[in-house]
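Everything on this sheet refers to the single structure shown next.
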Amino acid sequence: MTASDESERRVAEALSARASGAPRGTPRAARPARTPPGANLTAALLVALLGGAALGTVLALISLLAPGVLPPLG
(Lines of atoms letter the chains of each structure in order from A and count residues from 1; the text may use other names and numbers.)
(Lines give C-alpha, C1' and ligand atoms only; values in the text may rest on other atoms or scores of the structure.)
Protein backbone atom coordinates (compact mmCIF):
# COMPACT_ATOMS: atom_id res chain seq x y z
CA MET A 1 0.00 0.00 0.00
CA THR A 2 1.45 3.36 -0.98
CA ALA A 3 1.29 6.59 0.97
CA SER A 4 -1.29 8.08 -1.39
CA ASP A 5 -3.55 5.02 -0.95
CA GLU A 6 -3.30 5.41 2.81
CA SER A 7 -4.10 9.12 2.70
CA GLU A 8 -7.05 8.53 0.36
CA ARG A 9 -8.39 5.87 2.72
CA ARG A 10 -8.10 8.25 5.70
CA VAL A 11 -9.88 11.03 3.81
CA ALA A 12 -12.66 8.65 2.81
CA GLU A 13 -13.08 7.48 6.42
CA ALA A 14 -13.18 11.06 7.66
CA LEU A 15 -15.79 12.06 5.09
CA SER A 16 -18.00 9.08 5.83
CA ALA A 17 -17.74 9.71 9.58
CA ARG A 18 -18.63 13.34 9.05
CA ALA A 19 -21.59 12.42 6.85
CA SER A 20 -22.90 9.95 9.42
CA GLY A 21 -22.75 12.55 12.20
CA ALA A 22 -20.31 10.53 14.26
CA PRO A 23 -18.10 12.56 16.60
CA ARG A 24 -14.80 13.48 15.00
CA GLY A 25 -11.41 13.08 16.59
CA THR A 26 -10.84 13.60 20.27
CA PRO A 27 -13.50 15.37 22.28
CA ARG A 28 -12.86 19.02 23.04
CA ALA A 29 -11.71 19.98 26.47
CA ALA A 30 -14.36 21.54 28.67
CA ARG A 31 -14.39 25.31 28.73
CA PRO A 32 -12.82 26.85 31.79
CA ALA A 33 -15.27 28.05 34.36
CA ARG A 34 -16.44 31.59 33.71
CA THR A 35 -16.02 34.17 36.39
CA PRO A 36 -19.20 35.28 38.10
CA PRO A 37 -20.74 38.47 36.67
CA GLY A 38 -19.84 40.63 39.69
CA ALA A 39 -16.26 39.41 40.07
CA ASN A 40 -14.73 42.12 37.87
CA LEU A 41 -16.69 44.82 39.68
CA THR A 42 -15.61 43.45 43.04
CA ALA A 43 -11.97 43.42 41.98
CA ALA A 44 -12.22 46.99 40.67
CA LEU A 45 -13.79 48.22 43.89
CA LEU A 46 -11.15 46.44 45.95
CA VAL A 47 -8.34 48.04 43.93
CA ALA A 48 -9.97 51.47 44.31
CA LEU A 49 -10.33 50.98 48.07
CA LEU A 50 -6.71 49.92 48.47
CA GLY A 51 -5.51 52.82 46.30
CA GLY A 52 -7.54 55.31 48.34
CA ALA A 53 -6.21 53.89 51.59
CA ALA A 54 -2.63 54.14 50.32
CA LEU A 55 -3.13 57.73 49.13
CA GLY A 56 -4.73 58.70 52.45
CA THR A 57 -1.88 57.14 54.38
CA VAL A 58 0.72 58.99 52.31
CA LEU A 59 -1.07 62.32 52.76
CA ALA A 60 -1.42 61.73 56.51
CA LEU A 61 2.28 60.93 56.86
CA ILE A 62 3.25 64.01 54.85
CA SER A 63 1.07 66.24 57.01
CA LEU A 64 2.51 64.75 60.20
CA LEU A 65 6.18 64.54 59.25
CA ALA A 66 6.47 67.73 57.18
CA PRO A 67 4.05 70.34 58.51
CA GLY A 68 3.34 73.18 56.11
CA VAL A 69 3.99 71.18 52.92
CA LEU A 70 0.34 70.56 52.22
CA PRO A 71 -1.92 73.61 51.80
CA PRO A 72 -4.60 74.17 54.44
CA LEU A 73 -8.10 73.10 53.40
CA GLY A 74 -10.16 75.66 55.24
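Under the working numbering, think of the first position of the sequence shown as 31, with each following residue one higher.
Ideal Cβ placement from N, Cα and C applies to all residues, glycine included.
Nothing here was measured: the structure is a model prediction, and the numbers come from that model.
In this structure, the CA atom of VAL88 is about 21 Å from the CA atom of ALA74. In the three-state reduction of the DSSP assignment, GLY98 falls in the coil class. Rounded to the nearest whole angstrom, the C-alpha separation of LEU95 and VAL77 is 27 Å. Rounded to whole angstroms, the separation of the alpha carbons of THR65 and LEU71 is 11 Å.
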